[in-house]
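Novice: Convert by adding 618 to the 1-based position in the sequence shown; the result is the number in this note's numbering. All residues carry an ideal CB built from backbone N, CA and C; glycine is no exception.
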Amino acid sequence: MTGTFADKAAPPIGVFGGTFDPIHFGHLRLAEEMADALGLERILFIPAGQPPHRAAPGTAAAHRLAMVRRALAGNPRFEADAREVARPQPSYTVDTLAALRAELGAARPLWLLLGADAFLGLPGWHDWRKLFELANIAVATRAGAQAVQLGAIMEPLKDEMSQRVAADVRSASAPAGSILLREMTPLDISATAIRDLLARHGSARYLLPDAVLDYIHELHLYSSQ
Ligand code: ATP
Numbered sequence: 619m620t621g622t623f624a625d626k627a628a629p630p631i632g633v634f635g636g637t638f639d640p641i642h643f644g645h646l647r648l649a650e651e652m653a654d655a656l657g658l659e660r661i662l663f664i665p666a667g668q669p670p671h672r673a674a675p676g677t678a679a680a681h682r683l684a685m686v687r688r689a690l691a692g693n694p695r696f697e698a699d700a701r702e703v704a705r706p707q708p709s710y711t712v713d714t715l716a717a718l719r720a721e722l723g724a725a726r727p728l729w730l731l732l733g734a735d736a737f738l739g740l741p742g743w744h745d746w747r748k749l750f751e752l753a754n755i756a757v758a759t760r761a762g763a764q765a766v767q768l769g770a771i772m773e774p775l776k777d778e779m780s781q782r783v784a785a786d787v788r789s790a791s792a793p794a795g796s797i798l799l800r801e802m803t804p805l806d807i808s809a810t811a812i813r814d815l816l817a818r819h820g821s822a823r824y825l826l827p828d829a830v831l832d833y834i835h836e837l838h839l840y841s842s843q
């Protein structure tokens, strides 16, 4: 590690990727709780351009980014980052993290924030083991339930977990390489359910910020008419 003392003292940064189609309170609450738990100076919300590991989102990237910007307005710790949306080709998380690592230096702790469902799918991601060289991973789990459903964890991920799971935040102070499981307030909200509600002209109020809902209505997103 070549970082100076000043680099080492630099507070950690969070990275939260998703399709955000649309962004909702499940995402925002996860980020808020992780910011507090990990002492994050800021969290970069990075909407996916064309995610390689799942079907392309139905909503144009520009709209998804605009909704993220509206949702984050007024929170000084939250920042929208358009780097994946701006690229014409698909972005891999590992490439995004490598770019951030180059910008922020080797000593700055980076935390990739994931919901438990996304974490379980990690072995399907491009070059996924390299993620641990670039960042720590914080997984938001459900209170009351087993941290992450052990039976659902694929062998290679189990192996990484056996070496990397940290008991608490203090023992995960390195710039990269740890996995931390954190219970978050369970909010059973999904973008899919919101899209379905809106397609049926139901109310999605209180599932996502009003500013995002206003944008959806102004632009007639998610309704078939
Ligand atoms: P979709 O329903 O379209 O699959 P989604 O609501 O799951 O979307 P994504 O943009 O795919 O949202 O998710 C981005 C990240 O947020 C993922 O890591 C996912 O696990 C996490 N996440 C999504 N919804 C919640 C929630 N309600 N509570 C905690 N984490 C969530």
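What are the start and end residues of the beta strand (DSSP E) that includes ALA758?
Specialist: By one-based count along the sequence shown, residue 758 stands at place 140. Element bounds for ALA758: 754 to 760.
Novice: For ligand 1, is there any heavy atom lying closer than 7 Å to the beta carbon of LEU738?
Specialist: If you number the sequence shown from 1, residue 738 lands on position 120. Because no heavy atom of ligand 1 lies under 7 Å away, the Cβ of LEU738 does not count as near it: no.
Novice: Which partner residues of LEU730 appear in the DSSP bridge assignment?
Specialist: Residue mapping note: residue 730 aligns to position 112 of the sequence shown, counting from 1. Paired residue(s): VAL633 and ILE755.
Novice: According to DSSP, is ALA684 helix, strand or coil?
Specialist: Translated into the one-based positions of the sequence shown, residue 684 becomes position 66. Helix at ALA684.
Novice: Can you tell me whether PHE638 sits near ligand 1, meaning its C-beta is under 7 Å from at least one heavy atom of the ligand?
Specialist: Position 20 of the sequence shown, counted from the start, is the residue given in the question as residue 638. For ligand 1, at least one heavy atom lies less than 7 Å from the Cβ of PHE638.
Novice: How long is the line joining the alpha carbons of SER842 and ALA817, rounded to whole angstroms?
Specialist: Numbered from its first residue, the sequence shown carries residue 842 at position 224. Numbered from its first residue, the sequence shown carries residue 817 at position 199. Whole-angstrom Cα-Cα distance: 6 Å.
Novice: From the DSSP output, in three-state form, read off GLU697 for me.
Specialist: The residue given as residue 697 occupies position 79 in the sequence shown. It is a strand residue.
Novice: In the structure shown, what three-state DSSP assignment does GLU801 receive?
Specialist: Stepping through the sequence shown from its first residue, residue 801 is reached at position 183. Strand.
Novice: When burial is assigned at 16 or more other CB atoms within 10 Å of the CB, is PRO827 buried or exposed?
Specialist: Taking the first residue of the sequence shown as position 1, residue 827 is located at position 209. PRO827 comes out buried.
Novice: Round the Cβ separation of VAL830 and LEU728 to the nearest angstrom and send it over; I've been treating them as touching at under 8 Å.
Specialist: What you label residue 830 is simply residue 212 of the sequence shown in a count that begins at 1. What you label residue 728 is simply residue 110 of the sequence shown in a count that begins at 1. Not a contact, Cβ separation roughly 27 Å.
Novice: Under 7 Å Cβ to Cβ from ALA704, same chain only, skipping five residues before and after it: list those, please.
Specialist: As a working mapping, residue 704 is identified with position 86 in the sequence shown. Hits under 7 Å: none found.
Novice: Please determine whether the Cβ atom of ASP735 lies at a distance below 7 Å from any heavy atom of ligand 1.
Specialist: Here residue 735 corresponds to residue number 117 of the sequence shown, with the count starting at 1. Because some heavy atom of ligand 1 lies under 7 Å away, the Cβ of ASP735 counts as near it: yes.
Novice: Just tell me which of VAL686, HIS681 and MET802 has its CA closest to the CA of LEU732.
Specialist: Indexing the sequence shown from 1 puts residue 732 at position 114. It is MET802 whose Cα lies nearest to the Cα of LEU732.
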